[in-house]
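In the working numbering, the protein residues as written are 6 to 331.
Some notes on the structure that comes next.
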């Protein structure tokens, strides 16, 4: 029995389909991420999965029971599923303890522990109008979690947060999941949010599920340039180019080699690859993203050498495990 099963879900739009025959299953305690470009159907999919939307075809099952859509019941949603939208809001002028008490189904001890994990236990005597954006989101999250759901759906939860509050909410979700045993679906278009978090990743494009699997699989073996681009920077190399054949000696009659920047190695010493010219270099915090020209092709490389200047000669080699994208 699947914890959550989405079976053949479709939804019609005004001019084009919003979702097209999407099916997937989710296991208990799994971290599932859903990614895709703006307008790919991510929000529509998770709203239908949680009972906050209505499919035109297909069905959703949660713990082996069908989840009705919004046209089939008076109040939207499912009691075992919590949904936090990026457009969440809190009623104004209420005390925080009032907002929390209205939704709470936990014992006093469990509720207190939840508020500690959400880092809001010091805020309960404030009014909602006195809270920062990050504090408001954590209280909105706690209000959902104290209803004791089994599944938490987070729809673009980091889109309006600064780096500090983004890190805090990530830590809160991880802590709550570990202690309360809650499964989680995360919707995001940012690879940094999902690659290190998800057990499995679904990619949507124009309402279709185009690839699913582990983050490692999709990052290193994407099914298309679209999937590759969602998860990070890359360079496509023509296997028929003579310079590329020096970098990657394997022969193929079709496709293109997909190379991530960390699979490209730069050296200032001859004999460590083929000659290339540095075009530009930008600082990315943990590394420099360096663009080099090999023949007529620009290639992206991750480098820690801050001394490389435009026009400098370097020697390039490529990892043996690059992916042939068909």
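No residue lacks a Cβ here, since even glycine has one placed at the ideal position from N, Cα and C.
Keep in mind the model is a prediction, meaning the values are calculated, not measured.
Residues of its chain near residue i, where Cβ-Cβ distance is below 7 Å and the 5 sequence neighbours each way are ignored
i           : result
residue 48  : 160, 192
residue 124 : 143, 173, 177
residue 113 : none
residue 273 : 319
residue 145 : 89, 93, 95
Check whether residue i and residue j have beta carbons under 7 Å apart
i           : j           : result
residue 86  : residue 154 : yes
residue 71  : residue 64  : yes
residue 133 : residue 80  : no
residue 204 : residue 36  : yes
residue 312 : residue 293 : no
residue 271 : residue 319 : yes
residue 74  : residue 59  : yes
residue 329 : residue 257 : yes
residue 228 : residue 216 : yes
residue 299 : residue 269 : no
residue 109 : residue 61  : no
Buried versus exposed call for residue i [16 or more other C-beta atoms within 10 Å across all chains shown]
i           : result
residue 158 : buried
residue 265 : buried
residue 288 : exposed
residue 121 : exposed
residue 141 : buried
residue 169 : exposed
residue 277 : exposed
residue 92  : exposed
residue 107 : exposed
residue 248 : buried
residue 286 : buried
Spatial neighbours of residue i in its chain, beta-carbon cut-off 8 Å, leaving aside the 5 residues before and after
i           : result
residue 199 : 38, 40, 191, 193, 206, 220
residue 119 : 111, 147, 150, 151, 181, 185
residue 12  : 28, 63, 64, 65, 66
Cβ separation of residue i and residue j, assumed to be a contact under 8 Å, to the nearest whole Å
i           : j           : result
residue 235 : residue 208 : 7 Å
residue 24  : residue 15  : 5 Å
residue 239 : residue 214 : That pair is no contact at about 22 Å.
residue 306 : residue 295 : 5 Å
residue 244 : residue 226 : About 17 Å separates the two Cβ atoms, so there is no contact after all.
residue 201 : residue 165 : Not confirmed; about 21 Å, so no contact.
residue 297 : residue 252 : With 8 Å as the limit, residue 297 and residue 252 do not qualify as a contact, their Cβ atoms being about 11 Å apart.
residue 237 : residue 196 : 5 Å
6 Å CB neighbourhood of residue i in its chain, flanking five on each side removed
i           : result
residue 82  : 56, 57
residue 34  : 188
residue 212 : 22, 23, 24, 25, 46
residue 31  : 8, 9, 37
Closer than 7 Å to chain B by CB, residue i
i          : result
residue 63 : Looking at the structure shown, chain B is missing, and only one protein chain is on hand.
For residue i: DSSP bridge partner residues
i           : result
residue 319 : 281
residue 295 : 286, 306
residue 98  : None, per the DSSP bridge assignment.
beta-carbon residue i near the ligand FAD non-hydrogen atom, thresh 6 Å
i          : result
residue 28 : Annotation note on the ligand FAD: not contained in the displayed structure, which lists no ligands.
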